[in-house]
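What follows is a short report on a single structure.
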Amino acid sequence: MRNIMEIDGYRAVIQYDPDIEMFRGEFVSLNGGADFYAQDIAGLRKEGKVSLNVFLEMCREDGVEPDLQFSGKFNINIPPELHAAIAEAAAADGKSLNQWITDELRTCVRASV
137 MRNIMEIDGY
147 RAVIQYDPDI
157 EMFRGEFVSL
167 NGGADFYAQD
177 IAGLRKEGKV
187 SLNVFLEMCR
197 EDGVEPDLQF
207 SGKFNINIPP
217 ELHAAIAEAA
227 AADGKSLNQW
237 ITDELRTCVR
247 ASV
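In terms of our numbering, the sequence shown opens at residue 137 and continues consecutively.
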């Protein structure tokens with residue numbers, strides 16, 4: 137299970153902070169920081185809406201795009217033997233290395249993208 141809460145179409149990662157005995161949420165696809173805290177789920181949803189609305193309003197006032205833009209590209213370093221095994225698996229499936237990795241990542245995050 138992933139600790140993700142959706143608020144008004146934006147997704148936030150939720151974690152429990154034992155030091156302050158509160159839940160913390162942080163929106164992950166915003167072009168800046170917007171976090172929120174509460175002691176229960178209902179409070180977390182309420183505080184998340186407040187935090188999101190403040191962030192979006194500040195973006196409007198400053199003429200800033202609120203959504204973080206992703207290029208669709210990233211580099212990773214993996215052991216050579218893993219690289220070879222992935223290349224073999226891709227070839228066995230009749231896919232390019234890029235397509236095989238994309239399909240596997242999509243399966244891992246259960247995304248509909």
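By construction, the Cβ of each residue, glycine as well, lies at the ideal position given by its N, Cα and C atoms.
Contact between the region 196–213 and the region 221–230 is absent: fewer than three C-beta pairs spanning the two stretches fall below 8 Å. Closest in alpha carbon position to G161, among G230, N167, E201 and L180, is L180. Per the C-alpha coordinates, the member of R246, L233 and D144 positioned closest to S187 is D144.
Considered as a whole, the region 138–223 harbours 140–143, 146–153, 158–163 and 171–174 as its complete beta strand (DSSP E) runs of no fewer than 3 residues, in chain order.
Taking the C-beta atoms as reference points, G184 is found no nearer than 8 Å to A220.
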